[in-house]
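> Submitted below is the structure of interest, expressed as structure tokens.
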């Protein structure tokens, strides 16, 4: 037992160490560009436009095509784009413009365009006024915070990224993320672990150990670790393999319960079950399941939502680290509410089955009905087999879903 724990701990620590070494810090040149951009562009005879947007801003996404057509119509247009949700320096620069032009707090939105002597806040004002301004403009200077400026406001998304991360938004995104193929594959594996657990006293220990390992992996990814596991090919391969194994696991269990196949097929199923039991014996103790949950979760990071990646970028950027960390922890908690509920439900069914058996056994001892004792034990075994078969059916169905998930 001590040797197994040591080996698993060694693997776990090695992966963490490799991840830390692999994370190379990226230098941010945005502020340097912002400091120099006005000086460089003052010498150009082009219309100068500053466009501030957020990557997760819906209106900003819809403006991509507009700016492409604008560049086609005006090839010499000097369009400078600054993303403010993931880049704090760009956000600071935008805030300077808002403060200098005395834009009310309730009207500080993205997308926003700044030009010499004017600004346009919101998709409608940009699409309806910017092109006319370019046609009529005869001043080729870039906008400056010292300019006197008049603006048109038509609404938009919050320019401060934390205003996007509302309680309801984080909760709903985490719930939706629960039903991506990667997280569904993790859920299948949890069900398989519970089906292989015969002792009802171990259901909670094994289930929560596996969930704790998965939870830790997602939290560490949200804090910037394990970036090299973001690989769509690995993600696709992972949930397809899990889906295939789930189908096999479900069919083997149902065959054992229903006793459908005989002869060679039944012999092969029994041989496969023995092999699986030898393998799972090594893993089905709490620390082994903790490490297993951690390692398997590494292959599912490609499937997390855009909102989670936004929170990750904010944490890694450092400027909102302590504000966004509680949101990352909360998101991961919501993500694993369904697995926690399944473990508790499985534990309840196991415990309820044993409770009924104990009550019947107590009544038999009271009335000294010893002949029926064997029947009661067999009834307990049958109840557990039915519960196991139900779990196998769910695993089989979800496995088929993953296999045909495009």
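In the numbering used here, the protein residues as written are 865 to 1270. All residues carry an ideal CB built from backbone N, CA and C; glycine is no exception.
To the nearest whole angstrom, what separates the beta carbons of residue 918 and residue 948, a pair I think is in contact under 8 angstroms?
As a working note, residue 918 is residue 54 in the chain shown. As a working note, residue 948 is residue 84 in the chain shown. So it is a contact: roughly 6 angstroms between Cβ atoms.
> Going by other Cβ atoms of all chains shown within 10 Å of its Cβ, with 16 needed for buried, is residue 975 buried or exposed?
Working through the chain shown from its first residue, we reach residue 975 at position 111. Burial call: buried.
> Within the chosen definition, does the region 995 to 1008 reach the region 1037 to 1057 through at least 3 CB pairs nearer than 8 angstroms?
no
> In terms of residue numbering, what span does the beta strand (DSSP E) encompassing residue 944 cover?
For this step, residue 944 is matched to residue 80 along the chain shown. From DSSP, the beta strand (DSSP E) with residue 944 extends over 942 to 947.
> Quick check on this structure: which residue in 1026, 923 and 935 has the alpha carbon closest to the alpha carbon of residue 1178?
Locating residue 1178 in the chain shown gives position 314, counting from the first residue. The candidate whose alpha carbon is nearest that of residue 1178 is 1026.
> Between the alpha carbons of residue 1064 and residue 1058, how many angstroms are there, rounded?
For the purposes of this step, residue 1064 is taken as residue 200 along the chain shown, with counting starting at 1. For the purposes of this step, residue 1058 is taken as residue 194 along the chain shown, with counting starting at 1. The alpha-carbon separation between residue 1064 and residue 1058 amounts to approximately 10 angstroms.
> Does residue 980 pass the burial test, meaning 16 or more other C-beta atoms within 10 Å, or should it be called exposed?
For the purposes of this step, residue 980 is taken as residue 116 along the chain shown, with counting starting at 1. So residue 980 counts as buried.
> In the structure shown, what three-state DSSP assignment does residue 1091 receive?
In the chain shown, counting from the first residue as 1, residue 1091 sits at position 227. Collapsing the DSSP output to three states places residue 1091 in a helix.
> Just the C-alpha distance for residue 968 and residue 939, rounded to the nearest angstrom, thanks.
Numbered from its first residue, the chain shown carries residue 968 at position 104. Numbered from its first residue, the chain shown carries residue 939 at position 75. So the alpha carbons of these two residues sit roughly 34 angstroms apart.
> Beta strand (DSSP E) containing residue 1015: first to last residue?
Position 151 of the chain shown, counted from the start, is the residue given in the question as residue 1015. It spans 1014 to 1017 - the beta strand (DSSP E) in which residue 1015 sits, taken as one unbroken run.
> Helix or strand or just coil, what does DSSP make of residue 1203?
The residue given as residue 1203 occupies position 339 in the chain shown. If DSSP states are grouped into helix, strand and coil, residue 1203 belongs with the helices.
> By the 10 Å Cβ neighbour count, where 16 or more other Cβ atoms means buried, how is residue 1073 classified, buried or exposed?
For this step, residue 1073 is matched to residue 209 along the chain shown. Taking all protein chains shown into account, residue 1073 has 16 or more neighbouring C-beta atoms within 10 Å of its C-beta and is therefore buried.
> Quick check on residue 1236: buried or exposed, where buried means 16 or more other Cβ atoms within 10 Å of its Cβ?
Here residue 1236 refers to the residue found at position 372 when the chain shown is read from its first residue. Here the model assigns residue 1236 a pLDDT of 48, short of 50, so the residue's position is not dependable and the matter cannot be decided.
> Please report how far the alpha carbon of residue 1038 lies from the alpha carbon of residue 957, in whole angstroms.
Numbered from 1 along the chain shown, position 174 holds the residue referred to as residue 1038. Numbered from 1 along the chain shown, position 93 holds the residue referred to as residue 957. Computed Cα separation, rounded: 32 angstroms.
> Please report the straight-line C-alpha distance between residue 959 and residue 1192, rounded to a whole angstrom.
Residue numbering aside, residue 959 sits at position 95 when the chain shown is read from its first letter. Residue numbering aside, residue 1192 sits at position 328 when the chain shown is read from its first letter. Going by the C-alpha atoms only, they are around 26 angstroms apart.
> Can you look up residue 975 in the DSSP assignment and give me helix, strand or coil?
Reading the chain shown from its first residue, position 111 is the one you call residue 975. It is coil, neither helix nor strand.
> So, for residue 961: in the same chain, excluding its five sequence neighbours on each side, which residues have a beta-carbon less than 7 angstroms away from its beta-carbon?
Position 97 of the chain shown, counting from 1, holds the residue named residue 961. Excluding residues within five positions, the ones whose Cβ falls inside 7 angstroms are 978 and 1009.
> Could you pull the start and end residues of the beta strand (DSSP E) that residue 1271 belongs to?
Lying before the first or after the last residue shown, residue 1271 is absent from the chain, which here runs from 865 to 1270.
> By Cβ distance below 8 angstroms, which residues in the same chain neighbour residue 1033 in space, the five residues on each side in sequence not counted?
As a working mapping, residue 1033 is identified with position 169 in the chain shown. Result list for residue 1033: 1171, in chain order.
> Which residue marks the beginning of the beta strand (DSSP E) containing residue 912, and which one marks its end?
Taking the first residue of the chain shown as 1, we reach residue 912 at position 48. Unbroken beta strand (DSSP E) run through residue 912: 912 to 917.
> What's the C-alpha gap between residue 1180 and residue 1087?
In the chain shown, counting from the first residue as 1, residue 1180 sits at position 316. In the chain shown, counting from the first residue as 1, residue 1087 sits at position 223. Taking the straight line joining both Cα atoms gives about 6 angstroms.
> Three or more C-beta pairs closer than 8 angstroms, one from the region 1094 to 1105 and one from the region 1194 to 1212: is that the case here?
no
> So, at 6 angstroms on beta carbons, what are the nonlocal neighbours of residue 1176 in its own chain, with the 5 sequence-adjacent residues on each side left out?
The residue given as residue 1176 occupies position 312 in the chain shown. Taken in chain order, the residues that qualify are 1086.
> With distances taken Cα to Cα, identify the nearest neighbour of residue 1081 among 1108, 1152 and 1165.
Here residue 1081 refers to the residue found at position 217 of the chain shown. The candidate whose alpha carbon is nearest that of residue 1081 is 1165.
> Counting only runs of 4+ residues fully inside the region 1043 to 1102, write out the alpha helix (DSSP H) ranges in chain order.
Correct list: 1045 to 1059 and 1067 to 1086.
> Do you know offhand how far residue 1264's Cα is from residue 1110's?
By 1-based counting over the chain shown, the position of residue 1264 is 400. By 1-based counting over the chain shown, the position of residue 1110 is 246. Distance between the alpha carbons of residue 1264 and residue 1110: 8 angstroms.
> Do residue 1148 and residue 1070 have their beta-carbon atoms positioned less than 8 angstroms apart in this structure?
The sequence position of residue 1070 within the chain shown is 206, counting from 1. The sequence position of residue 1148 within the chain shown is 284, counting from 1. Less than 8 angstroms separates the beta-carbon of residue 1070 from that of residue 1148.
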